[in-house]
Structure formats: structure tokens, C-alpha cells
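Novice: Quick one: the structure is below, questions incoming.
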């Protein structure tokens, strides 16, 4: 579709005009854009107005000890416009301590569980989320296990259960 | 079962087709040939478990075809697949809901040891937290292996147990059961009572100390 790259360029230009400096890159035909953290909600709200009506995924990457990384956490928002099939990857970088971004649940209801999962596994706080509970780990769990500084075998949580013997049951 | 034929009963004349044995042995014979499995199938072992119950391997030949999904109707729990830490309280609760006498088969590498899933979320062998009678190796085990475990379990059942179930009925046992009911949630248990947790915590502290 020849008209699509143009539309993407217009969107990127509009994004740069509204939200300050944004890095853009293209990898295998997919456009990625980095939005500064304080303006991320504003940028995503504007993108939704431009027709990105479908939020595919919200996920996160922990860049601890990653060569050349400037920030600790990189949030990833995958957007699609169902009218034009245009796809856009939006990155938002946040750092310790207390990494926080504004929740996009008001924009896309699909973000509710996706942000809960990111909170559960990476400990990114989404301000304004209506119900920021853990999604996959037990509620009593205290760590965020997909952080790179969390040991693969855990900190003993998997052994912290009562032992039922033959005499007990 | 001790069987005495009419010809060799030492003076006592028994009619034909009459056997003399112990009631305990009779009870065990009934139990072992009417096992009702509780399928706790969480992974690919569960597929083999289904194959074991299906027509080709036909677990009904061993009296164990009545899979029930209510633990209160079952006396053999077959844990087939990995158990994650969020599932373990469920597993323990189901085990406690089953009535005596009851047995447990740990089917496959994951249920027995955690298998290749040596991660924070996966329990490294269910026998750390509930009693297990038989282990089935394999990843996943073939139906023949599970059938062998059930046959071995039948031999074990024949050797133990009483018709009145007096082995379950001790005062201390009932007290301990009550204490367990009053036990709080899974992650609030006291670390000082759990030697495995203490070892794990010590190892984690050592690893941190070695790194710094």
C-alpha cells in the first residue's frame, strides 16, 4: 500500500511537534518511536485520535546490564489502526527508583490486564490504573520476578508452603 | 489372602468354593481393585493419563477406570504434570478433601522433581509438600509405565491397611489434622518450621554475599 508510509511519516511528524524530541526507527518495515516518559499519555491519546484504535500489547524489557542501554526499563506499546492496518510501536523508558508511567486504561480498556501483568512481573507502577493488582503471581508474592536482578530460582518462595505428611492428612 | 483349601484344613471340613482368610486382606483386596483416580493433570502427562484411561490401554482392566473430578469420591490422586507455586495450595486442599484410605501417584519428571523447570514458580517435586506412594519416571511416561505404577500400588495396598481403618484413628493424628485446618495461608507459614525454606534462604544469602 503506497499511501501507508506517508501516513506514518505524517503521524511521526505530528508526534514530534506535540511531544518534543522523539527517536524514530524502522526495522523490517515496522516503525518504532520513542516517547519521553512525562508526555507518554498525551502522545498515546493523540495517536488514538489519529486512528490507532487497537492496543495489541503492553509489555516491558529490563535493560539491566544491557550494553549501551541508557535506561533501566523500556515499556512497549503495540498499536494498530484497524482502518488502515497501520502498525506502530511506541517505546517509553523509565528508571529506578519507583518506575511509574500514566495508565492508558482510559484510552484502551485492553490495557487493564496488560498493565497489571507488567506491574506484576516488572514492578512498573501505572498511575491512575483502576485496579493495579498482581495478575499471574500469587497476591502474597512480594518480588517482581522478570526483573533481571531477581534470581531465576527465586528467593525461596516456591518452598514456602506447609508440609502435609501422612499423619496430617 | 491366606487361602486354605478344604482338603488341608486340619480336620475342619469346608464345603467346596469356600476360602478362609483375614478380613483385613479382604478389605485390601476390595480397595486395590476398585481404585477411583482423581486426575490432577496439569500438563502433557495428563494426555498420557487420558490415553491410559482410553480404549487402547484400558485402565478398566485394573479396576481403576472411574475417574472422578470430585476429590471426595476418589482414593487415588494421580498428579500428572508440573505444579506451580500458585497451584500447590489447591493441590494440598484437594488432597485433604479426599477420604481415607487414599494414595498418591506422582506421574512424570515434573511432578516428581520439577523436571527441567527449575524456576521460581515451579514446585521442585510434590513430595516436598504432600505424601507420595508411587513415582513414575518419564517425560511423559508411557501408559504402560503408569499401569505398572498402579499394579505396584495395588501390591502395596494389599500389604497394608485394615478393615476397620484403625491405622487412621489415633488421637494424635486427629489433633494434627485440626492444627492444619487452623494453619494460615500458604505464604504466611513460619519459615522456622520449614527446613527446605531455611536452606533455600541460606543459599540465596550466600549467593548474594559471593557476588558483592
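Chains as they are written, first to last, in my numbering: chain A, 1 to 169; chain B, 1001 to 1212.
Where is the CB? At the ideal position from N, CA and C, for every residue including glycine.
Leaving out five residues on either side along the sequence, give the residues of the same chain with a beta carbon under 7 Å from the beta carbon of residue 7(A).
Specialist: 84, 86
Novice: What separation, rounded to the nearest whole angstrom, lies between the Cα atoms of residue 1079(B) and residue 1096(B)?
Specialist: 14 Å
Novice: Who are the near neighbours of residue 1012(B) in its chain, counting only those whose CB is closer than 8 Å to its CB and skipping five residues on each side?
Specialist: none
Novice: On the CB-based measure, 16 or more other CB atoms within 10 Å of its CB, does residue 162(A) come out buried or exposed?
Specialist: buried
Novice: Is there a Cβ from chain A that is less than 7 Å from the Cβ of residue 1092(B)?
Specialist: Taking 7 Å as the threshold, the shortest C-beta distance from residue 1092(B) to chain A falls below it.
Novice: What did DSSP end up calling residue 78(A) once you bin it into helix, strand or coil?
Specialist: Strand, per DSSP.
Novice: Please list, in chain order, the chain C residues whose beta carbon lies closer than 8 Å to that of residue 166(A).
Specialist: No chain C appears in this structure, whose protein chains are A and B.
Novice: Distance, Cα to Cα, residue 3(A) vs residue 11(A)?
Specialist: In this prediction, residue 3(A) scores a pLDDT of 42, lower than 50, which makes its location untrustworthy; no coordinate-derived value is stated.
Novice: Taking 7 Å as the CB-CB cut-off, is residue 1186(B) touching chain A?
Specialist: Unreliable positioning characterises residue 1186(B) in this predicted model, as indicated by a pLDDT of 46, which lies under 50. A coordinate reading is not provided.
Novice: For residue 1103(B), which three-state DSSP category applies?
Specialist: strand
Novice: Given that a residue counts as buried once 16 or more other Cβ atoms are within 10 Å of its Cβ, and exposed if not, what is residue 116(A)?
Specialist: buried
Novice: Run through chain B and tell me which residues come within less than 9 Å of residue 133(A), C-beta to C-beta.
Specialist: None at all; the shortest Cβ gap to chain B is about 14 Å.
Novice: Select from 1209(B), 1167(B), 1120(B), 1111(B) the residue whose C-alpha is nearest the C-alpha of residue 136(A).
Specialist: 1120(B)
Novice: By the three-class DSSP mapping on this structure, what secondary structure does residue 1206(B) have?
Specialist: helix
Novice: Any C-beta of chain B sitting closer than 7 Å to the C-beta of residue 149(A)?
Specialist: It does not; no Cβ of chain B falls within 7 Å.
Novice: Give a yes or no on whether the C-beta atoms belonging to residue 1143(B) and residue 1060(B) are separated by under 7 Å.
Specialist: no
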